[in-house]
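A.B. asks: Chains as they are written, first to last, in my numbering: chain P, 57 to 626; chain R, 34 to 629. Dumping the structure here so I can ask a few things about it.
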Amino acid sequence: MSRSQAQTPARASRQWLAAQSREVRGYLSLAIAAGVVGGLATLAQLGLMAWLISAVVVHESALVTLWPYAAALAGAVIVRSLAQWLQETCGLEAGLRVKARVRAQVLDHLAALGPVSLAERHSAGSTAQLVDQVEALEGYIARYVPQATLAVVMPLIFLGVAFSLDWLAALFFLIAAPLIPLFMALIGMGAQRLNEQQFQAMTRLAGHFLDRVRGLTTLQLFGRTRQATEEVTAVADDYRRRNMKTLRVAFLSSAVLEFFASVSIAVIAIYIGFGLLGYIQFGPADQLTLFSGLFLLFMAPDFFQPLRLLAQHYHDRASALGAAEGLRALLAQTPPQGPRMAPLDSDDDTTPLRARLTEVSVTHTGRGRVLGPLDLDIADGEVVALVGPSGAGKSTLLQVLAGFVDAESGEVLLHAESRLAWLDQRPFLMQGTLAENLRLVAPEASDARLREALSAAQLGDLLAALPEGLDTFLGERGLGLSGGQASRLALARVFLSDAPLVLLDEPTASLDPDSERRVIEGLKQLAAQGRTLVIATHHPAVMAMADRVLRLEAGQLHSQDVPTSPEALS
Amino acid sequence: MKEPTIMKGSTIMKGSTRKALGPWLRLMAERRTRLLIGALLMLATLLFAIGLLTLSGWFITATALTGMTLAAGGAATLDVFTPGSGIRFFAVGRTAARYAERLYNHDTVLRLLADIRGRTFAGLSRLSGRELARYRAGEWLNRLTADIDALDNLYLRLLAPPLVGLLAILVVAGILALAMPALGGVLLAIMLPLWMIVTLGMAVAGRGPSARRVETLERLRVRALEHLQGLAELRTFGVLGTHREKVEHEQRALLDDQRRLGHRTALGNALVTLTVQGAAVAILCLALLAFAAGDISAPVASMLPLAVLALNEGLAMLPGAFVQLGATRTAAARLNAEAAVPASDDGETTLTSDEAPSLTFEAVTLRYPGMGTTPALEDVTLHVAAGERFAVLGPSGSGKSSLAQLVVRAFDPDAGSVQLDGQDLRRLAPQALRGRLAYLTQHTELFHASLADNLRLGLPVNHDLDEAAVERALWQALWIVDLDGWVRQLPHGLETWVGEAGRQLSGGQARRVALARVILRDAPLVLLDEPLAGLDATTAATVAERLDTWLDGRTALMFAHNCDALPLCDRALALHAAVKHAFAKGDASVLSDPRD
Numbered sequence: 057m058s059r060s061q062a063q064t065p066a067r068a069s070r071q072w073l074a075a076q077s078r079e080v081r082g083y084l085s086l087a088i089a090a091g092v093v094g095g096l097a098t099l100a101q102l103g104l105m106a107w108l109i110s111a112v113v114v115h116e117s118a119l120v121t122l123w124p125y126a127a128a129l130a131g132a133v134i135v136r137s138l139a140q141w142l143q144e145t146c147g148l149e150a151g152l153r154v155k156a157r158v159r160a161q162v163l164d165h166l167a168a169l170g171p172v173s174l175a176e177r178h179s180a181g182s183t184a185q186l187v188d189q190v191e192a193l194e195g196y197i198a199r200y201v202p203q204a205t206l207a208v209v210m211p212l213i214f215l216g217v218a219f220s221l222d223w224l225a226a227l228f229f230l231i232a233a234p235l236i237p238l239f240m241a242l243i244g245m246g247a248q249r250l251n252e253q254q255f256q257a258m259t260r261l262a263g264h265f266l267d268r269v270r271g272l273t274t275l276q277l278f279g280r281t282r283q284a285t286e287e288v289t290a291v292a293d294d295y296r297r298r299n300m301k302t303l304r305v306a307f308l309s310s311a312v313l314e315f316f317a318s319v320s321i322a323v324i325a326i327y328i329g330f331g332l333l334g335y336i337q338f339g340p341a342d343q344l345t346l347f348s349g350l351f352l353l354f355m356a357p358d359f360f361q362p363l364r365l366l367a368q369h370y371h372d373r374a375s376a377l378g379a380a381e382g383l384r385a386l387l388a389q390t391p392p393q394g395p396r397m398a399p400l401d402s403d404d405d406t407t408p409l410r411a412r413l414t415e416v417s418v419t420h421t422g423r424g425r426v427l428g429p430l431d432l433d434i435a436d437g438e439v440v441a442l443v444g445p446s447g448a449g450k451s452t453l454l455q456v457l458a459g460f461v462d463a464e465s466g467e468v469l470l471h472a473e474s475r476l477a478w479l480d481q482r483p484f485l486m487q488g489t490l491a492e493n494l495r496l497v498a499p500e501a502s503d504a505r506l507r508e509a510l511s512a513a514q515l516g517d518l519l520a521a522l523p524e525g526l527d528t529f530l531g532e533r534g535l536g537l538s539g540g541q542a543s544r545l546a547l548a549r550v551f552l553s554d555a556p557l558v559l560l561d562e563p564t565a566s567l568d569p570d571s572e573r574r575v576i577e578g579l580k581q582l583a584a585q586g587r588t589l590v591i592a593t594h595h596p597a598v599m600a601m602a603d604r605v606l607r608l609e610a611g612q613l614h615s616q617d618v619p620t621s622p623e624a625l626s
Numbered sequence: 034m035k036e037p038t039i040m041k042g043s044t045i046m047k048g049s050t051r052k053a054l055g056p057w058l059r060l061m062a063e064r065r066t067r068l069l070i071g072a073l074l075m076l077a078t079l080l081f082a083i084g085l086l087t088l089s090g091w092f093i094t095a096t097a098l099t100g101m102t103l104a105a106g107g108a109a110t111l112d113v114f115t116p117g118s119g120i121r122f123f124a125v126g127r128t129a130a131r132y133a134e135r136l137y138n139h140d141t142v143l144r145l146l147a148d149i150r151g152r153t154f155a156g157l158s159r160l161s162g163r164e165l166a167r168y169r170a171g172e173w174l175n176r177l178t179a180d181i182d183a184l185d186n187l188y189l190r191l192l193a194p195p196l197v198g199l200l201a202i203l204v205v206a207g208i209l210a211l212a213m214p215a216l217g218g219v220l221l222a223i224m225l226p227l228w229m230i231v232t233l234g235m236a237v238a239g240r241g242p243s244a245r246r247v248e249t250l251e252r253l254r255v256r257a258l259e260h261l262q263g264l265a266e267l268r269t270f271g272v273l274g275t276h277r278e279k280v281e282h283e284q285r286a287l288l289d290d291q292r293r294l295g296h297r298t299a300l301g302n303a304l305v306t307l308t309v310q311g312a313a314v315a316i317l318c319l320a321l322l323a324f325a326a327g328d329i330s331a332p333v334a335s336m337l338p339l340a341v342l343a344l345n346e347g348l349a350m351l352p353g354a355f356v357q358l359g360a361t362r363t364a365a366a367r368l369n370a371e372a373a374v375p376a377s378d379d380g381e382t383t384l385t386s387d388e389a390p391s392l393t394f395e396a397v398t399l400r401y402p403g404m405g406t407t408p409a410l411e412d413v414t415l416h417v418a419a420g421e422r423f424a425v426l427g428p429s430g431s432g433k434s435s436l437a438q439l440v441v442r443a444f445d446p447d448a449g450s451v452q453l454d455g456q457d458l459r460r461l462a463p464q465a466l467r468g469r470l471a472y473l474t475q476h477t478e479l480f481h482a483s484l485a486d487n488l489r490l491g492l493p494v495n496h497d498l499d500e501a502a503v504e505r506a507l508w509q510a511l512w513i514v515d516l517d518g519w520v521r522q523l524p525h526g527l528e529t530w531v532g533e534a535g536r537q538l539s540g541g542q543a544r545r546v547a548l549a550r551v552i553l554r555d556a557p558l559v560l561l562d563e564p565l566a567g568l569d570a571t572t573a574a575t576v577a578e579r580l581d582t583w584l585d586g587r588t589a590l591m592f593a594h595n596c597d598a599l600p601l602c603d604r605a606l607a608l609h610a611a612v613k614h615a616f617a618k619g620d621a622s623v624l625s626d627p628r629d
């Protein structure tokens, strides 16, 4: 067993995130460099401020003579601001680039997995992965990753400066320094627990709310809306009461950090004060000056600032880890390869072949073998009807031809460069106009061709009835079109494409007799154009128009009926 | 090209912020004491931080000067214990205040969350079927959640921090003014414009992109969903790339807006640093000049810039919050638009007896919103006598459910009228009307609650049954739908939890629970849409037989694909999309009359 398999999912997610940050390491390094420059400028600013006070108060210099220092001070402030801007901008760019990259990757992968693999997942769930989970990566890359480095580097630099000023004061920082990993762990544990619990509880709470909104019609029908409103408020309030208990503990970790930061300032101030008064006789205390004392004091808050920022960004990390786990699992799925394209010659050289299946079998996990092993030759221009009870493998056979599902064994060959057209019971309609929906498959088609295709698909009278014609807007899920009309729109797409191989899965299912008749009329026209049609169907009228009717039972080709119209083959 | 969502977005963008956020601010104002205490705790945290740094600076300078005097052999005394304990007090106080502030304000936010959800739900529950049908589609629920989330944080991001920031500026200016009035004036002259820029200025800078970002994210979601749902066609037709380009286009638009917002936030943040640090340097120089002139002491001169530095903490979060104000406003405006639609429950509450009523459709035409010009029902006339059982048969989409929607006043007809006992339904308030009827919808809607809770929903709203009678009624209803045996053998019985949308139950079980719920209503008018759908033949026969008895003495309108899927009916009517128009006009459409 390889080590990568043995590791925990959390660790694998962390590694995946690290790999994503490596892709934008240029921007991230720049962000970190800017952060370090900003930190150094801050040190310079604080030092100069202490120096100015000391010079004026102790050495009684006139401020006018100190103008170069004042100018340097102003310069340090400007550099610090610019560096902060650069750090944020570079982090942002890194985050945006990672999002764009990962989203493209996920989009391509989902497409490669194909509709059959996707059917096992909820399409809304996959959309959420593509949109929300990818969004969740930004904060981590843009803010957390640079800050994680800065939270280690900056305190060390500050510590070095503090040592050169007064080692005993630096010791107070140093006492805090070994505690830094402890802080981080504390912050991490606290934030993680907080995040997990809040996330779970929030999800349940949101779930309750959405559940009631979804059932609003039922609540209205039973006259229970007032009761449900009270319930929504009560559940949210109950959530609050239970949540506050955990928050009381969870907030302690940040309180600890706050406490150390505050107490360090207090201890250093008091140590320096007593040292300056000469009350402290040991160590470097007698070397303290107003300059070094003030400088150390000024440094104290900024010593802890990177850690406090890291604590603020910690929830970015938690949500990115959650997202990474889902995305990693998705990207790990292997997509199907699809059929091989090769020039196909039939055995007797008379009829050219469109597709050849040799010993093809398909197995679904949990369902066993659903198709084959079977051999099948489909001639060019042939109309093949696939019949048989549901679950017999009709759809699977179409999916194998379309390349949505791989044959487990055997070989699927399509004649070189066979373009495909597909039509199933739930035609895909996008948000857009009628014309846009048609041009999707034929971007160059003229309006005239669109009208032609619509009338070939028996939608001419609908088009004539629409005041806005081809520019009529079809809403989400084709609102405004009946099932039959949607089927015929899908058929119009087939007419627009010049694909020689057309795969149709139950094109006439759940249509009223009139729509059914019109769709079959359209199919006949397609056949007349010399296209190869493979149709899974229950419908006698469709079987009647086929050259060959193949009966599938339990994945096996049981009988090959004699072509109903032998002349169609010649 | 028409893009309704975008048009809606741009009209919302033009609305004023006050109008959009107004209702929500008023809602929050009901908790004004809490909000005030929370803000004061925030301010206290900030003041403790200022106190800690300022006093420490004063202390170090004072001790340094005293130490120098002592070293030079001069006489000097300094009370070290008062400032020392002051420093410790501020250090501990800052920690305690911070902890209390976080806890208290989270409590507040959670209370506001309950308020906001309650209010939104109350608003939504007044929507008529017409509006609900329009919102039902697609991603509306997701959007609703996102919009509510945007308001949940209104107080912690946009209300308290700017107020606290402003107060902190005033307090620090006050401290400076105590030392030297001119310094306070200088600080106000620098910081007040900065405060305006990081609040109002950032809001204006982020207005366009942040409002647009909400819409773009939604469009990206729609395109992504299309891409996945249409994968079969897109792949086979070889146009995956063309549609992917559409998804990419939305993603680019989103990233561009996010980049714009990010750059503006970064600029705002850098501006805060530049101004606060610059102000500290300016105050330092002025204080040193004042010291040289003998106006203020050295310890005071060195503590003043420290007080200014501490302001950074109070202003640092503002640019990031305000640049997103446009998004919050868009969310609020959308919720207002959705939840504040005037209720359609006009009509007087006049109700006659509990007797089974007669039901009449008279020349009814109904058009659904967004369905174009094709009416769902056109010129339909139909009379169901009191106590009669009438079946409407036909394939889905033929308008069966529309008839039921009219009876429950989810919709009012565009032409014609629906009458109960000869009385136009529009004169009845929906609440009163729905108390008299029970409707099994085609779509089974169960709630994430116990079986008993789901069933109790069906009981008449103001029933006077005691616990035992309710229990008997529940079991009686379960017996009719032939689920009593199954429930009895469940480990938790009636208290068994029904999963989200009834997912723990099989389709047929969920359907029967919904039917039992309708039976419990014990109403004189019953509408049953596919009551036996998804049941196996044996169960269907049992349930049909028991329903048959139960239906005695009630007026019933039933809908199904064919007559076999229904209990016995007096008359049946075959409905067909193509002949919808024709059927309604005459008795000729009555295909079968089983009791003839």
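Beta carbons: idealized from backbone N, C-alpha and C, even for Gly. Note that this is a predicted model, so its numbers are computed, not measured.
Taking the DSSP output, what are the residues bridged to isoleucine 316(R)?
C.D. replies: According to DSSP, which records beta bridges pairwise, isoleucine 316(R) is partnered with nothing at all.
A.B. asks: Taking all protein chains shown into account, do 16 or more other C-beta atoms lie within 10 angstroms of the C-beta of alanine 323(R), making it buried, or fewer, making it exposed?
C.D. replies: With 16 or more other Cβ atoms within 10 Å, it is buried.
A.B. asks: Is alanine 509(P) buried or exposed, if buried means 16 or more other CB atoms sit within 10 Å of its CB?
C.D. replies: By the 10 Å Cβ count, alanine 509(P) comes out buried.
A.B. asks: Grab me the residues of proline 194(R)'s own chain with a C-beta within less than 7 Å of its C-beta, minus the 5 sequence neighbours each way, in chain order.
C.D. replies: Closer than 7 Å at Cβ, skipping near neighbours: Met350, Leu351 and Ala354.
A.B. asks: Per DSSP, threonine 414(R) is paired with what?
C.D. replies: Looking at the DSSP assignment, threonine 414(R) forms no beta bridge with any residue, so it has no partner.
A.B. asks: Quick one: Cα of arginine 67(R) to Cα of threonine 289(P), how far?
C.D. replies: Going by the C-alpha atoms only, they are around 18 Å apart.
A.B. asks: Consider the Cβ of arginine 296(P): report whether some Cβ of chain R lies at a distance smaller than 8 Å.
C.D. replies: Judged by the 8 Å Cβ criterion, arginine 296(P) is in contact with chain R.
A.B. asks: What is the rounded straight-line gap between the Cα of lysine 450(P) and the Cα of leucine 442(P)?
C.D. replies: Answer to the nearest angstrom: the Cα atoms are 6 Å apart.
A.B. asks: With which residues is alanine 574(R) paired in a DSSP beta bridge?
C.D. replies: The partner list for alanine 574(R) (beta bridge, DSSP) is empty, contrary to what the question assumes.
A.B. asks: What do you get for isoleucine 231(P), buried or exposed, if any count of 16 or more other CB atoms within 10 angstroms of its CB means buried?
C.D. replies: Flag for isoleucine 231(P) reads exposed.
A.B. asks: Rounded to the nearest angstrom, what separates glycine 534(P) and alanine 491(P) at their Cα positions?
C.D. replies: With a pLDDT of 42 at glycine 534(P), under the threshold of 50, the predicted position of this residue should be treated as unreliable, though the coordinate-derived value follows. Straight-line Cα distance between these residues: approximately 13 Å.
A.B. asks: Which residues in the same chain have their Cβ closer than 6 Å to the Cβ of proline 493(R), if we skip the five residues on either side of it in sequence?
C.D. replies: Nothing listed; no residue qualifies.
A.B. asks: For leucine 535(P), which of helix, strand or coil comes out of DSSP?
C.D. replies: Confidence at leucine 535(P) is low in this model, with a pLDDT of 47, below 50, so its placement is unreliable and the value that follows should be read with caution. Coil.
A.B. asks: Look at arginine 254(R) and valine 158(P) and say whether their C-beta atoms are less than 8 Å apart.
C.D. replies: Cβ atoms of arginine 254(R) and valine 158(P): not closer than 8 Å.
A.B. asks: I'd like to check one pair, leucine 494(P) with leucine 506(P): are the Cβ atoms closer than 8 Å?
C.D. replies: A contact, by the Cβ cut-off of 8 Å.
A.B. asks: Determine the contact status of isoleucine 328(P) and serine 335(R), defining contact as a CB-CB distance below 8 Å.
C.D. replies: No, the pair does not count as a contact, with Cβ atoms beyond the cut-off.
A.B. asks: Nearest to threonine 489(P) by alpha carbon, out of Pro483(P), Gly525(P) and Leu560(P)?
C.D. replies: Looking at the Cα atoms, Gly525(P) is the closest of the given residues.
A.B. asks: In whole angstroms, what is the alpha-carbon distance linking alanine 424(R) and arginine 425(P)?
C.D. replies: C-alpha separation (whole angstroms): 44 Å.
A.B. asks: Along the beta strand (DSSP E) that carries valine 635(P), what are the first and last residues, could you check?
C.D. replies: No answer is possible for residue 635(P): the residues shown for chain P start at 57 and end at 626.
A.B. asks: In angstroms with no decimal places, state the Cα-to-Cα distance between leucine 157(R) and aspartate 569(R).
C.D. replies: Straight-line Cα distance between these residues: approximately 37 Å.
A.B. asks: Mind reading off the beta-carbon distance from aspartate 417(R) to serine 391(R)? Whole number of angstroms is fine, and I expect it under 8 Å.
C.D. replies: It is worth fixing the name first, because residue 417(R) is valine in this sequence and not aspartate. Between serine 391(R) and valine 417(R) the Cβ distance is about 6 Å, and since that is below 8 Å, they are a contact.
A.B. asks: CA-CA distance, histidine 260(R) and arginine 176(R)?
C.D. replies: Taking the straight line joining both Cα atoms gives about 19 Å.
A.B. asks: Whole angstroms are fine: how far does the CA of arginine 78(P) sit from the CA of serine 89(R)?
C.D. replies: One C-alpha to the other measures close to 44 Å.
A.B. asks: Let me know if aspartate 342(P) comes out buried or exposed under the rule of 16 or more other beta-carbons within 10 Å of its beta-carbon.
C.D. replies: When all chains shown are included, aspartate 342(P) counts as exposed.
A.B. asks: Note down, in chain order, every chain P residue with its Cβ under 9 Å from the Cβ of phenylalanine 423(R).
C.D. replies: Chain P residues near phenylalanine 423(R): none, gap ~20 Å exceeds 9 Å.
A.B. asks: Skipping 5 residues on each side, what residues in its chain have a beta carbon closer than 7 Å to that of threonine 99(R)?
C.D. replies: Ala109 and Leu111.
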